[in-house]
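Just so you know, we're using the numbering used here here: the sequence shown kicks off at 82 and counts up by one.
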Amino acid sequence: MTTFLSRAAIVAATVTICLGTRSVLAQNAARPSGTAVAVIDLAEVLKSHQRLKAQMEQLKTQAESVDAEMRTTKQKLESLAEVLKSLNPGTPDYALKEKELAATQADAAVKARQKSREFLEQQSQIHFEAYQEIQQHIDRFCRTYGIQLVLRFDRNPIDASKPQEVQAALLREVVYQDKLDITQHIIDSLNKGAGAPAPQADPGVTQRPPAIPRGVQR
82 MTTFLSRAAI VAATVTICLG TRSVLAQNAA RPSGTAVAVI DLAEVLKSHQ
132 RLKAQMEQLK TQAESVDAEM RTTKQKLESL AEVLKSLNPG TPDYALKEKE
182 LAATQADAAV KARQKSREFL EQQSQIHFEA YQEIQQHIDR FCRTYGIQLV
232 LRFDRNPIDA SKPQEVQAAL LREVVYQDKL DITQHIIDSL NKGAGAPAPQ
282 ADPGVTQRPP AIPRGVQR
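As structure tokens, this is what we get:
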């Protein structure tokens with residue numbers, strides 16, 4: 082009887098182990114091999130962001146229009162100054178032109194400060210919205226492939242003839258990476274307005290979906 086119970090216990094334990102092993106194997110099979118870390122060149126993403134470039138070009142056009150207006154105002158001020166030189170100080174005409182010149186100068190200075198502040202605010206808002214959009218695309222890509230950490234890095238080669246670049250390279254946060262660069266994936270996603278793109282066969286870009294770490298649900 083004792084022997085029978087022992088054999089039954091062994092069989093039960095064996096079945097439990099087998100079932101547990103199958104469960105673990107099934108869980109592991111569901112996880113693609115790869116990495117949970119990626120890198121991205123944000124400067125390159127911003128430079129290649131088509132909508133951002135269009136917005137900045139539009140802002141540049143507005144700035145050029147304001148510059149033209151300021152040049153016209155400057156010419157008016159120069160003309161008023163020339164007229165003022167031709168008048169005798171202390172006369173009513175001189176006082177009138179002097180007052181007009183001072184008012185025009187003050188108005189031009191106020192407008193210049195106001196426009197400068199407006200452009201800085203618009204530029205800041207455009208970059209902030211672009212950064213948020215980039216974050217959303219990175220988030221979508223990372224959730225798709227189970228990436229838990231994205232580090233910022235500079236993908237540009239170092240020019241040894243430029244001391245500043247060499248010094249900057251020594252301070253880079255990412256010293257080495259192998260096929261973890263998701264920069265082009267995010268650029269494509271942004272410019273196509275689509276979801277996270279599948280990995281492409283590009284040099285320096287991850288060629289496989291990164292691993293989904295334990296505890297992360299797909």
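Where is the CB? At the ideal position from N, CA and C, for every residue including glycine. Since we're looking at a predicted model, the values are computed, not measured.
Worksheet item: Counting pairs of beta carbons, one from the region 230-246 and one from the region 116-134, are three or more of them closer than 8 Å?
Response: yes
Worksheet entry | Proximity below 8 Å, CB of Leu182 to CB of Tyr175 | no
Worksheet item: When the distance is taken between beta carbons, is Phe200 closer than 8 Å to Ala144?
Response: yes
Worksheet entry | Validate contact between the region 124-141 and the region 203-218 using beta carbons, cut 8 Å, 3 pairs | yes
Discussion item. Starting from Val256, trace the alpha helix (DSSP H) in both directions and tell me its first and last residue.
Written reply: Taken as a continuous stretch (DSSP letters only), Val256 belongs to no alpha helix (DSSP H), as it is neither H nor E.
Item to complete: Would you identify the three-state DSSP class for Asp262, choosing helix, strand or coil?
Response: strand
Practice prompt. Pick helix, strand or coil for Ala241, following the three-state DSSP scheme.
Written response: coil
Worksheet item: Who pairs with Ala119 in a beta bridge, going by DSSP?
Response: Val231
Discussion item. On the DSSP letters alone, give me the boundaries of the alpha helix (DSSP H) that Thr172 sits inside.
Written reply: Counting along the chain, Thr172 falls outside any alpha helix (DSSP H), and DSSP gives it neither H nor E.
Fill in: Beta-carbon separation (whole angstroms), His218 vs Leu271, contact threshold 8 Å
6 Å
Discussion item. So for Ala93, helix, strand or coil by DSSP?
Written reply: Low confidence applies to Ala93: its pLDDT is 44, below 50, so where it sits in the model is not reliable, and the reading given next is rough at best. The answer is helix: DSSP assigns Ala93 an H, G or I state.
Discussion item. Using a Cβ-Cβ cutoff of less than 6 Å, which residues in the same chain neighbour Glu246 once the five nearest sequence positions on both sides are dropped?
Written reply: Ile239 and Asp240
Worksheet item: Which of the three DSSP states, helix, strand or coil, is assigned to Leu133?
Response: helix
Practice prompt. Can you grab the Cα-Cα spacing for the pair Val191 / Asp269, in whole Å?
Written response: 43 Å
Worksheet item: Per DSSP, what kind of secondary structure is Asn109 in: helix, strand or coil?
Response: Low confidence applies here, because Asn109 scores a pLDDT of 42, under 50, leaving its location unreliable and the question unanswered by this model.
Item to complete: Look up Arg224 in the DSSP assignment and say whether it is helix, strand or coil.
Response: helix
Practice prompt. Tell me, to the nearest whole angstrom, how far the beta carbon of Leu158 is from that of Gln131; I am working on the premise that it is less than 8 Å.
Written response: 41 Å between Cβ atoms; not a contact.
Worksheet item: What is the DSSP secondary structure of Glu145, counted as helix, strand or coil?
Response: helix
Worksheet item: What residue from Asp220, Thr154, Val147 and Met137 has the CA that sits closest to Ser197's CA?
Response: Val147
Worksheet item: Since Leu123 contacts Gln204 with CB under 8 Å, what's their CB separation in whole angstroms?
Response: That pair is no contact at about 17 Å.
Practice prompt. Throw me the rounded Cβ distance for the Ile215 and Ile267 pair, which I believe falls under 8 Å.
Written response: 7 Å
Item to complete: Run the CB neighbour count on Gln248, radius 10 Å, all protein chains shown included, and call it buried at 16 or more, exposed below.
Response: exposed
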